[in-house]
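**Student:**
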Amino acid sequence: MATITKGPVRGPQQHIRKTLPVLEMSCAACAVSVESTLKYTPGVFDASVNFATQTVAVDYDPAATDLPSLQQAVQQAGYDLVIEDDEEESRRQAEAARQQHYQSLTRRLTGAAVLSVPVVILGMFLMDLPYANYIMLVLSTPVVFGFGWPFFVNAWKQARHGKANMDTLVALSTGIAYLYSAFNTLFPEAWHTFGQAGHPHVYFESATVVIAFILLGKWLEERAKANTTASLKKLMGLQPKTVRIMADGQEQTIPLAQVQAGMVVQVRPGEQIAVDGRVQSGQSFVDESLISGEPVPVEKTAGSPVFAGTLNQKGSFLFVAEQVGGKTILAQIIRRVQEAQGSKAPVQQLVDKIAGIFVPVVIGIAVLTGIAWLVFGGQQALPQALMSMVTVLVIACPCALGLATPTAVMVGIGKGADLNILIKDAESLELGHKVDTVVLDKTGTITVGKPTVTDWYWADGVEVSTVSGVLRALESRSEHPLAAAVVEALTVPDAALSGFESLTGRGAKGIAGDKTYRVGNQRLMDEEHISLPDQLSQQAALLRQLAKTVVFFADSTQVLAVLGITDPVKPTAKAAIDELQQQGIEVWMLTGDNEQTAKAVAGQVGITHVRAGVLPDDKEQLVVQLQREGRVVAMVGDGINDSQALARANVSMAMGKGSDIAMDVAHMTLISSDLLLVAKALRLSRRTVQTIRQNLFWAFIYNLIGIPIAAGALYPSFGFLLSPMIAGAAMALSSVSVVTNSLRLRFIKL
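Position 49 of the sequence shown, counted from 1, bears residue number 49 in my numbering, the numbering being contiguous throughout.
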């Protein structure tokens, strides 16, 4: 999307790599067609189409070709490129075109469904109704040549390039069935000329139902692709549109695109940080869960680094911009997610590949059938030849083939929803059963994702009911991120304070009655010369060994209480990890937290493979490393910092209480955030894939048996000929059997 990277000059050639939106792509075969078209265009070194984001990255020589020439080449192949230089305008045009296509598809699906219902009723139950054929002709015409017209256009595009796909099957079968039925309706006596008795049959319902079902599948696909695009928009939305800079002592507001390295940027409470840099003056806490995934905001003072997209808390500060534009960590996350969301092979793509062979074979069989009847058919040669050819094409209708995958996927998705597992696409159902390695983020996935007071230890003789109100009052006024955990844990009312002072980096103190109380870390206790009873000292040491944050509450002379604060492990985490390991799946844990905390959490849940202190790039690289070792990796996370790894993994799952970007990038969302659902999701994947394979098997077996019979293979030995009407019924039966088999998924127990 107007993203330009200039490479080195190699001899007389110059390499320019540009990412452009592609329009009019409807399937994986379209992406292959656009890619091959550009690769064979003079002046193009390489081209890579990303079907998920509807873009193509083109590496070309500007001296040999230009963008209008590339656009013209793609247009001749039946597609289009957006070649605007302005990135925002390019994205806007592409989004407008996709929205228009989605609305058109919705109208076509609605129209086809509404008109198909009466056609099916007339064709299956009221075929003897006066003028039934004419009514079906009137209702079917807009379905086939109106709502289904793009299938014929796409089939023609494929034919021009010597290819065939599911659109070819749809166009051939529905077109032949319609034209044959229309001829029989308008000229019912024509067959009598050739000695054919009775009234010829019509098959309008076959044509309309096929188009309606295929449109439904494409509509669902467009919705999934729209969700993928929305995830990138949300990431981009983390960047503010304007930035306040300090220049010559004056505050100025400028667009984000004009910020340059070296500028001094001002950040106020509650604002998003615009670019990467380093604090010059001021102090605050910044929520960096975008980068680290950890829930506790990080203190920022002079010299501390800050990152684009992170959220400033209560303080304000000035920082010097260091990395701007595409060099910020947020921009790199956006770019990595966009790259990793490339088109992966769904089950339906296998059907398209098979269709490329299946269609020419069916056409060839139909032609050979007609020739054979013309040569050996005797007096009935011509009508038998035409009827046998039509019967072959009708019985080879791709309805069962087209329904085999989407019906199983839809039922599997519904079953998952019942289990609190939201599944985005067929790809995750295809690959989930192959997963042998699960990578888990720590915070929010294995742990709750929120600091909580887990341990309280009071000194002997302390009147807890009296001083706990003082502690709550102090923490209520404190700006420290952990203070909220203490306030939430205490249910007593705040005591009255006559004085309060926040001690940066140490804690806080205040006066209640005639005493001064303090709450904070070990450093504050040491500076104030507060004594620590042996009992509490031992408990504090134990808490540190468990990687918990220790908070001290004291009066003027001694520590009154020691608190342990941590992000607790979810109740079902250990059971879930045990279940995965029992299935032979290797489990890894990743975290941006320190190694001591990581090992403590891993020990509680039984994980031996741990990586601590990792950034978003590190998480993605581990997934890539495992994939290079031949593993099929499932990534489970909940934060923006997990989005790169989620997008790169073979199967990705997001916690339902996590960030929007994580849920949008992931293939599955676990609504209840229960880790036990991970194993259930993988088992559901296995059962769904089994059903898809069964459906495809029966769909192809049906054709392998039905096509020879339709061609007249049984006539020489048994004198049996299959009429087009029976062929239409057999086609419908095959569809029903596929749907019925898929519905069995609703009743399985996981």
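Glycine included, C-beta positions come from ideal geometry on N, C-alpha and C.
#1: For Val487, collect the residues of the same chain with a Cβ closer than 7 Å to its Cβ; drop the 5 residues on either side in sequence, then sort them by chain order.
#2: Taking all protein chains shown into account, do 16 or more other C-beta atoms lie within 10 angstroms of the C-beta of His529, making it buried, or fewer, making it exposed?
#3: Mark Asn650 as exposed unless 16 or more other C-beta atoms lie within 10 angstroms of its C-beta, in which case mark it buried.
#4: May I ask you to verify whether the segment 488 to 501 touches the segment 302 to 320, counting CB pairs closer than 8 Å and requiring at least 3?
#5: Mapping DSSP to helix, strand and coil, what is Tyr779?
#6: Are three or more beta carbon pairs between the segment 666 to 675 and the segment 422 to 433 nearer than 8 Å?
#7: Roughly how far, in whole angstroms, is the beta-carbon of Lys442 from the beta-carbon of Thr572, given that I think they are within contact range, below 8 Å?
#8: Which of the three DSSP states, helix, strand or coil, is assigned to Thr827?
#9: Go through its chain and collect everything with a Cβ distance to Val605's Cβ below 7 Å, but skip five positions before and after it.
#10: Where do the ends of the alpha helix (DSSP H) carrying Tyr131 lie?
#11: So the candidates are Gln260, Val610 and Gly712; which of them puts its Cα closest to the Cα of Gln323?
#12: I'd like the span of the alpha helix (DSSP H) that includes Met525, first residue to last.
#13: Select from Val367, Lys434 and His480 the residue whose C-alpha is nearest the C-alpha of Ala711.
#14: Would you mind stating whether Val265 and Ala274 have Cβ atoms separated by less than 9 Å?
#15: Check this for me: beta carbons of Leu543 and Val462, under 9 Å apart or not?
#16: Since Phe45 and Asp66 are thought to touch, with beta carbons under 8 Å apart, how far apart are those beta carbons, to the nearest angstrom?
#17: Between the Cα of Gln596 and those of Trp588, Ala612 and Gln583, spot the shortest distance and give me the residue it belongs to.
#18: When the Cα of Asp494 is compared with those of Leu536, Val467, Ser48 and Gly584, which residue comes out closest?
#19: Find out if the Cβ-Cβ distance for the pair Gly78, Glu24 is shorter than 9 Å.
#20: Assess contact between the segment 522 to 538 and the segment 549 to 564, defined as three or more Cβ pairs (one per stretch) separated by less than 8 Å. Is contact present?
#21: Would Tyr686 pass as a contact of His480 if the rule is Cβ separation under 9 Å?
#22: Measure the C-alpha to C-alpha separation of Leu440 and Ser652 and round it to an integer number of angstroms.
#23: Is it true that the CB of Met124 sits closer than 9 Å to the CB of Val202?
#24: For Val438 versus Val243, is the C-beta spacing smaller than 9 Å?
#25: What is the residue span of the alpha helix (DSSP H) that Gly706 lies within?
#26: What distance in whole Å lies between the Cβ atoms of Val623 and Val614, which are believed to be in contact at a cut-off of 8 Å?
#27: Could you check which residue in Gly282, Ser673 and Arg648 has the C-alpha nearest to that of Val448?
#28: I'd like the ranges of any beta strand (DSSP E) spanning at least 3 consecutive residues and lying wholly in the segment 591 to 674.
#29: Would you call the CB atoms of Lys241 and Leu745 closer than 9 Å?
#30: Considering only C-alpha positions, which residue in the set Arg523, Gln252 and Thr452 is nearest to Thr504?
#31: DSSP beta-bridge partners for Phe500?
#32: Hey, how far is the Cα of Pro360 from the Cα of Val153?
#33: CB Asn741 to CB Asn695, shorter than 9 Å?
#34: Leaving out the 5 sequence neighbours to the left and right, which residues in its chain are closer than 6 Å to Leu676 when beta-carbon positions are compared?
#35: Look at the alpha carbon of Val550 and the alpha carbon of Ala540, and state the distance between them as a whole number of angstroms.
**Tutor:** Walking through what the data contain:
#1: Arg472, Glu475 and Ser476
#2: exposed
#3: buried
#4: no
#5: The structure shown has nothing for residue 779, since the chain only spans 1 to 750.
#6: yes
#7: With a Cβ gap of about 15 Å, Lys442 and Thr572 do not count as contacting.
#8: The displayed coordinates of the chain run from 1 to 750. Any statement about residue 827 would go beyond what the structure contains.
#9: Ile446, Val569, Ala573, Lys574 and Ile577
#10: Unbroken run through Tyr131: none, as it is neither H nor E.
#11: Gln260
#12: Gln522 to Glu527
#13: Val367
#14: yes
#15: no
#16: Going by Cβ atoms, the distance from Phe45 to Asp66 rounds to 15 Å, so no, they are not a contact pair.
#17: Ala612
#18: Val467
#19: yes
#20: yes
#21: Tyr is not the amino acid found at residue 686; the sequence shown has Arg there. Not in contact: Arg686 and His480 (Cβ atoms no closer than 9 Å).
#22: 10 Å
#23: no
#24: no
#25: Leu676 to Ala711
#26: About 11 Å; that fails the 8 Å criterion.
#27: Ser673
#28: 609 to 611, 633 to 637, 651 to 655 and 668 to 670
#29: no
#30: Arg523
#31: Gly510
#32: 18 Å
#33: yes
#34: Thr572 and Ala576
#35: 7 Å
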